[in-house]
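Some notes on the structure that comes next.
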Amino acid sequence: MPTPNGPLQEFFSQFNFQRYTYDPHTPASGEFKRLCQARQWGPSRIREHETEFLLAVEKEERPLQEFFRQFNFQGYTYNPHTPASEEFKRLCQARQWGPSKIRKHETEFLLAVEREQDLRPLQAFFSQFNFHGYTYDPYTPALEEFESLCQARQWGPSKIGKHETAFWHAVGRGQDPRESPAGHNVIEFFSEYGCQRFTYDLDDSIQSEFQRLVKLRGWGEVNLSKVTKRFNEAVMLDATEQLVYSASEATDSDDPEEATDSDDLEEDTDSEDLEEDTDSEDLEENTYYDDLDQYTFPEDPEEDTYSEDLGTEEVDLLADWLTEQECPGFTYYGGLPELAFKELVRVKGQEWDLARMEEGLDIEDEEWKDSVEFMLLRTEFYEVVEEAFNLLLGKFCQITRFKPWQVLVGLYGPEIYGPEQGMGLESIGKRAAKIILQNVFINIFDFLDAFQEILKDPPTTDRWELLQRLRPLAIELQFPNNSLLGVYSALTNRVFPLQIAKEEGTLALLLHRIRVFLKGFRDLVEGFEEEAGYELQEAEEEGRVGIRRLLLSREWACLQPLRARQQAVPF
């Protein structure tokens, strides 16, 4: 809401006449468009008054102040002398927001930071292209505004490329962000879309590395357009976050006193006001180690830095299978196979629903997940995962000459095996291995990743040395109990259904039933998000490694009911 008698009201009111009266309740950009239409201004008159309008926008209450003040309450008051990033963290702590609520407001916060900067370079860039079909909107994020301009002007690839450099210079205040060092968003982009022949070179510019990746991947026009958009979004996020960092570095202030007394918090910290991260529309039905089709797990909010193409045959199994499933609406660009499969399930479900509608059949909410088509798709994917696991383990067996279950015992058994204990390890049968491994709690997808890393370039061909080198890495993957393993798998969306695994296969030795822990699991995950607060968001930025470290860092009150339930159920 503009300030009464403030700069915006002063600007608009001077143009009031019979067909136009300033409405302070309309967003400023929308009001400016309405004024231009009412006054029937042409491009030259619009440009003439636009500079004055944007100056009024800048003089109006500062965007950051406007953002923070909407959240003032008894336990929190905006401090304009604190660096913006620190003030946002303090707000999150005072409001006791969980990761979902933080993500919800973070976009608005970053946009406020962007608007806080000098708008003149962006204004100068966009205003030169104003015409009857397009007027610059300073309240829209710069990248979205550039896309709107390209669409309005109906520019093709060559015209976009011609103006893109000038746009990025305007964003970067004189420097093209694509020529700057990479931030974490760009690094994650290259990790997600990279391939076996591509390793990101930190010493080269972002743009040149992107062009090199495009040549190696050979993307078609449609795919290239999608990937380019994703790349530009990553560049923009890094540029905006750098502005936050720079603003914080330039501001000297004492550490703000944090208000964290829950008694002083207003009602927005109650459970009714918490954003539900586990709505069924946003979840993938994915059972974890048992027949749990009625339960859905939240997706990983952030795709971490794992790349699907690590140069091994096993990884290609999953990549090739996902590529074979490509259809309208789904293209596999790389990244975590389990998350790509989640998207495939969503697209196939939409196709299935549409086909039934065309046939005049009723559609129920969960009918697709109960269909034969879904079960076949789901089964086929996890069979490929198990095949990849077996092939990776088989390569390790080729070097060590142990049986697969003996390899697992060598990694997770109670003692460290060497040449002196060789006969003991080689004599262990599958039944004995099952007993030894029954208290080993690891995530299968994490285990698969560990083997992929080792087999990219085996450090030795000595059976005992290789076993001993891999053991610390394998041990590091363990969780102390099923409950923590279940929470971790839910938060990272790294799950494997027990009923699909081959009953006599080696993979089954590492799977556990946790049905008993999943009663009220939706509330448990939300409880953990609230208890962890800002720490969980920071952990999610690191991916599964950060989430694991946070889970194991201390005792969690929200997990105590699971611990009691675990003690009551023998395994």
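Letter by letter, the sequence shown follows residues 0 to 570 in numbering that gives the first Met the number 0. Think of the CB as a built atom: it goes at the ideal place given N, C-alpha and C, for glycine as much as any other residue.
- Judged by DSSP in its simplified three-state form, PHE130 adopts strand.
- By the Cβ-count criterion, GLN210 is exposed, with fewer than 16 other Cβ atoms from all chains shown falling within 10 Å of its own Cβ.
- Here DSSP, grouped into helix, strand and coil, assigns TYR19 to strand.
- With a cutoff of 8 Å on beta-carbon distance, PHE450 and LEU392 are scored as near each other.
- When DSSP states are grouped into helix, strand and coil, TYR411 belongs to the helix group.
- Each of HIS80, ARG553, GLY542 and LEU535 was checked against the Cα of PRO98, and the nearest Cα belongs to LEU535.
- Between VAL439 and LEU551, the alpha-carbon positions lie close to 16 Å from each other.
- Where SER12 is concerned, the enclosing alpha helix (DSSP H) starts and stops at 6 to 12.
- As DSSP reads the structure, PHE72 sits in a beta bridge with TYR75.
- The region 367 to 376 makes contact with the region 336 to 348: 3 or more CB pairs, one atom from each, lie closer than 8 Å.
- Our two residues, THR491 and PRO23, have alpha carbons roughly 45 Å apart in a direct line.
- Here DSSP, grouped into helix, strand and coil, assigns PHE401 to coil.
- Around the beta carbon of ILE434, fewer than 16 other beta carbons sit within 10 angstroms, so the residue counts as exposed.
- Inclusion of TYR19 and GLN8 in the CB contact set at 8 Å is not warranted, their separation being larger than that value.
- When the Cα atoms are used, LEU508 and PRO79 turn out to be separated by approximately 57 Å.
- One Cα belongs to ALA123, the other to LEU54, and the distance between them is close to 13 Å.
- SER482 sits buried, since 16 or more C-beta atoms from the chains shown fall within 10 Å of its C-beta.
- Taking C-beta separations shorter than 7 Å and ignoring five residues to either side along the sequence, the partners of GLU530 in its chain run TRP555, ALA556 and CYS557, following chain order.
- Rounded to the nearest whole angstrom, the C-alpha separation of ARG547 and ASP522 is 20 Å.
- When DSSP assignments are scanned along the region 450 to 536, the uninterrupted stretches of alpha helix (DSSP H) that are 4 or more residues long and fall wholly within it turn out to be 462 to 475, 481 to 491 and 520 to 531.
- By the 16-neighbour rule on beta-carbons within 10 angstroms, CYS326 is exposed.
- Partner residues in the beta bridge of PHE440, as assigned by DSSP, are PHE478.
- Taking 8 Å as the cut-off, the beta carbon of LEU335 is found no closer than this to the beta carbon of VAL383.
- Under the three-pair Cβ rule at 8 Å, the region 407 to 417 counts as touching the region 467 to 482.
- With a threshold of 16 other beta carbon atoms within 10 Å, HIS131 falls short and is exposed.
- Using a Cβ distance threshold of 8 Å, GLN324 and LEU353 do not count as a contacting pair.
- Bounds of any alpha helix (DSSP H) do not take in PRO26, whose DSSP letter is neither H nor E.
- In this structure, LYS501 sits near GLU385, with a CB-CB distance shorter than 8 Å.
- Distance between SER12 and ARG44, taken at the CA atoms: about 17 Å.
- Around the beta carbon of GLY532, 16 or more other beta carbons lie within 10 angstroms, which makes this residue buried.
- Burial check for GLY41: the Cβ neighbour count within 10 Å stays below 16, so the residue is exposed.
- Closest in C-alpha terms to ASP461, from the list LEU484, SER488, PHE401 and VAL486, comes PHE401.
- In this model, THR25 and ALA141 are separated by some 21 Å (Cα to Cα).
- Buried is the label assigned to THR330, since at least 16 other Cβ atoms lie within 10 Å of its Cβ.
- With respect to the 8 Å criterion, ALA37 and VAL56 are not classified as neighbours on the basis of their beta carbons.
- Of PRO458, LYS214, GLU208 and GLY217, the smallest CA-CA separation from VAL234 is found for GLU208.
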